[in-house]
Amino acid sequence: MSEFQGLSATSSRREILQHWQPENEAFWNTYGKKIANQNLIVSTIALTLSFCVWTLWSTVAVKLNAIGFHFTNEELFTLTAIPGLIGATGRLIYTYMPGIFGGKNWTFFATAIMLVPLFGLAQAMQDPTTSYETFLIYVALLGIAGANFSSSMSNIGHFFPRSRRGTALGINAGIGNLGVSVIFLLAPVVIAMDIFVPIFGGPQTLSDGGKIFLQNACYVGIVQIIAVLFFIAKYMDNLPIPKQSPKALLSMFTNKHTWIMTWIYTCGFGSFIVSFAYAAFLGPFIGAGIRPFGGWLSDKINNGSLITLLSLIGIFVAAIAVLFGIEQHNFPLFFGAFLVLFLMTGFETGASFRMIPYIFADTVQSSLVTGFTAAIGAYGAFFVPKIFGWSYASTGSVSAAFYILIAFTAATIVITYWFYARKNSGIRC
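Quick note on the working numbering: the sequence shown kicks off at 5 and runs consecutively.
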C-alpha cells in the first residue's frame, strides 16, 4: 500500500476508519473496498436472520391450538399482527441508532436482544398452560426484530460511494428480505425433526396424533444468532458518523422529497405484501431476490428513477392482469401475472433505495431517509391485508382492494415521472 492522506501500509483498521473517504477512488481501491464489503456481508447475514425471527411466529402460531392451547381466532390474529406493527414502529426509532451508538455496536445489540423472545417462546410453546398475556409479551419482543431493517440500511450506506450504494443497499435489503422465504421454507422441516430431542426437549402431540417440535424453530435461531454475533464482533465497524442537531433531523421531515420517496417505496413494498398473502414462500423469494439487481442496474445505467418508473409501470400492468385473472377465474393468467408482479416490486424497491443518496446529498440525512422510508413502508404488512379483508368482507371479492392498489400505483407512476424521471425534473437520481 502506498501512502495516502496520512495513511500507510502499516495503518491500523481504526486509523483507516477515521479517514473514511469512500468517494475518493484512490482511497476506495486501496483501503475502503475490503472493509466495506466485510461490513456488507455480515450486515446482510444479520439482517436475513432478523427477518427469519420477525416472521417466525407466522409459521408456528397455526399449530398452537392443535397441541393443546385454547386461543380464540381473534387472539391468534392479534398475536400474528403484533410483530408487523411493532417492527414497523420500531423502525422509526432504529433508523437513528447507528448514528448514536455506532453501526457495529448497534447491530450487535439488536441481534443479541432477539435471543430473549426466542428463548422465552421456546419454553412457552412446550407448556400448554402458558397464558395468552405471556405469549403477547414474547411475540411483541419478537416483532422488534423487524426494526433491524431500518438501522441496517441506514448504517451500511455510509461505507460505500454513491455510485455503488444502490448495489450495496439492494444486496443488504434484498438478501435480508429473503429471510421471510427461508423461514417459511425451513421452519416446517425443522419442527418435524427429532434429532434435537436430547438438547431442545421432547415433542408436542398434535390433535391427529402426530408429533412436532415447535421449540426447534426457536433454538435453531438461537444457535445461529450466537454464531452471527461472533462475525459482527470480528468483521463489522463503527464509522465516525457526524452527529446531526435536532434541527437538522427535523429538516428531513419538512423536505418534500422525504415524503415523495416514502410514497414511492411504499407502493412497491405494498404490492410485495399483497403477493405474500398468496404465496408465502415464492412471493418473498422472487421479490426480495431481485432487489439487488434493481439497485445494481440503477447503478449500472446511473439512473435509478428510470428503473423505478419502468418497474412501476410493470407493477401497474401486472396488477391489472392479476385482477383480470381473478375475475375470469383464469389461474394460469393469475399466477403468471403474479410472478411478474413479484419481479417488478423487487426492481422497484431496489431502484428506489438507490435514488435517495442522489436526492439527499448529505450522507447522514440520506441514510436517515432510507431508514424512514423503510419504516413507513413496513406498515403495509398490517394495512394492506386489512384492505383485502375489508374488500372481501364488504363485497365477497378482493377486486375492490386491487382497484385501490392499481389506482395507488397509477398515482405513483405520475409522481415518479414528474419529480424525478422527466428530463426537466432538475434531479438526476
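From the three backbone atoms N, C-alpha and C, an ideal C-beta is built for every residue, glycine too.
Residue i - containing alpha helix (DSSP H), residue span
i: G354; result: F335 to I363
i: D241; result: No alpha helix (DSSP H) contains D241, which DSSP labels as neither H nor E.
i: K108; result: G107 to A116
i: P121; result: L119 to A128
i: Q332; result: Neither: Q332 is in no alpha helix (DSSP H) and is coded neither H nor E.
i: A191; result: R166 to V194
i: A379; result: T367 to A382
i: A144; result: Y136 to G147
i: G298; result: R295 to I305
i: V418; result: S403 to T420
From the options, residue whose alpha carbon lies closest to that of residue i
i: A341; options: I324, T34, G354 and G36; result: I324
i: L310; options: F392, G298 and F320; result: G298
i: L345; options: V193, W61, Y136 and G272; result: G272
i: T171; options: F204, T399 and G354; result: G354
i: M359; options: A144, M256, L173 and G150; result: L173
i: I380; options: L347, E352 and T262; result: T262
i: F98; options: A151, F289 and W267; result: A small fix is needed here, since residue 98 is Tyr in this sequence, not Phe. Checked all of A151, F289 and W267; the closest Cα to Y98 is A151.
i: T134; options: S158, V388, H74 and F357; result: H74
i: T93; options: A414, A382, G213 and A397; result: A382
i: M2; options: I410, G375 and G430; result: Not covered by the structure: residue 2. The range shown for the chain is 5 to 433.
Counted within 10 angstroms of its Cβ, other Cβ atoms place residue i as buried (16 or more) or exposed
i: A281; result: With a pLDDT of 46 at A281, under the threshold of 50, the predicted position of this residue should be treated as unreliable, though the coordinate-derived value follows. Answer is exposed; the Cβ neighbour count stays below 16.
i: M197; result: exposed
i: D303; result: buried
i: F204; result: buried
i: D128; result: It should be noted that the sequence gives Ala, not Asp, for residue 128. Buried is the call here.
i: S16; result: exposed
i: L210; result: exposed
i: S185; result: buried
i: L254; result: exposed
i: R426; result: exposed
i: V64; result: buried
i: S398; result: exposed
Contacting residues, own chain, Cβ-Cβ under 8 Å from residue i (five flanking each side not counted)
i: M240; result: Q42, N43, V46, S47, G107, K108, T111 and F112
i: I226; result: L119, L122, F123 and A126
Cut-off 6 Å between Cβ atoms - residues of its own chain near residue i, not counting five sequence neighbours on either side
i: F163; result: A40 and N43
i: F235; result: V46
Strand pairing of residue i, partner residues [DSSP]
i: Q208; result: I216
Same chain, Cβ closer than 7 Å to residue i, five either side skipped, listed in chain order
i: I317; result: I417
i: V143; result: W61, L83, I86 and P87
i: T420; result: I268, S309, T312, L313 and L316
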